[in-house]
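Some notes on the structure that comes next.
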């Protein structure tokens, strides 16, 4: 990759205890850390990872795994707010992403996925604290185009974190492609290795800097 891009990773409890100084020394400059899921779950490593990544000089961001049917958008919004507040999230410096996948959403129709995601994103955008930053949408092109009624709302107003592995160039989901937009983060591998992370493999990302 050229100088337009910087190294990023995304992690959760499955990466165990991370040596964030070693991660930073390896050239990683950005991270999305799993924070929450649905209306009640908090990743047990979230606070530790968020604090230690920041202390190591890495740009630390948080992601929430979206549940379309097991929790209401309001319940998920309250879970997000609670966790962000407790971790010292600064929306002028840190980003939030909503992770949209098929796993644990198999019972949701594309319309329900779109409707409830839209409600959640609106709740976030209207919040007096969070409204000063753009919320990312994480998705794969295959699932987004078929599993979400993407043309019902203008999801392209949100920056894209695309998951498209083992390809030279990621395929842009239709919401963003049709709007003439591209990705900001690209998760290009799910099987990476990084100094400082010894438990399981890790997702690797490229991050656009301009």
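Residue numbers (our numbering): 404 to 613. The C-beta atom is built at its ideal place from N, Cα and C for all residues, glycine as well. These numbers were taken from a predicted model, which means no experiment stands behind them.
Counterpart residues of residue i in DSSP-defined beta bridges
| i | result |
| --- | --- |
| residue 545 | DSSP lists no partner for residue 545. |
| residue 605 | 595 |
| residue 499 | 465 |
Reference residue i; option with closest CA among the options
| i | options | result |
| --- | --- | --- |
| residue 498 | 556, 595, 467, 460 | 467 |
| residue 602 | 408, 414, 571, 524 | 414 |
| residue 437 | 418, 427, 424, 459 | 418 |
| residue 458 | 482, 424, 465 | 424 |
| residue 433 | 594, 604, 590 | 590 |
| residue 491 | 526, 500, 450 | 450 |
| residue 564 | 500, 446, 525 | 500 |
| residue 596 | 587, 608, 588 | 608 |
Rounded separation between residue i and residue j - CA only
| i | j | result |
| --- | --- | --- |
| residue 435 | residue 410 | 12 Å |
| residue 452 | residue 421 | 8 Å |
| residue 471 | residue 584 | 26 Å |
| residue 474 | residue 484 | 15 Å |
| residue 461 | residue 545 | 31 Å |
| residue 549 | residue 520 | 15 Å |
Contact check, residue i vs residue j, beta carbons under 9 Å
| i | j | result |
| --- | --- | --- |
| residue 503 | residue 540 | yes |
| residue 407 | residue 611 | yes |
| residue 482 | residue 465 | no |
| residue 578 | residue 554 | yes |
| residue 551 | residue 476 | no |
| residue 510 | residue 479 | no |
| residue 412 | residue 605 | yes |
| residue 525 | residue 543 | no |
Cβ-based burial, residue i [other Cβ within 10 Å; buried from 16]
| i | result |
| --- | --- |
| residue 532 | exposed |
| residue 506 | exposed |
| residue 430 | exposed |
| residue 463 | buried |
| residue 455 | buried |
| residue 538 | buried |
Any C-beta of chain B under 9 Å from that of residue i
| i | result |
| --- | --- |
| residue 605 | Absent from the structure is chain B; it holds one protein chain and no more. |
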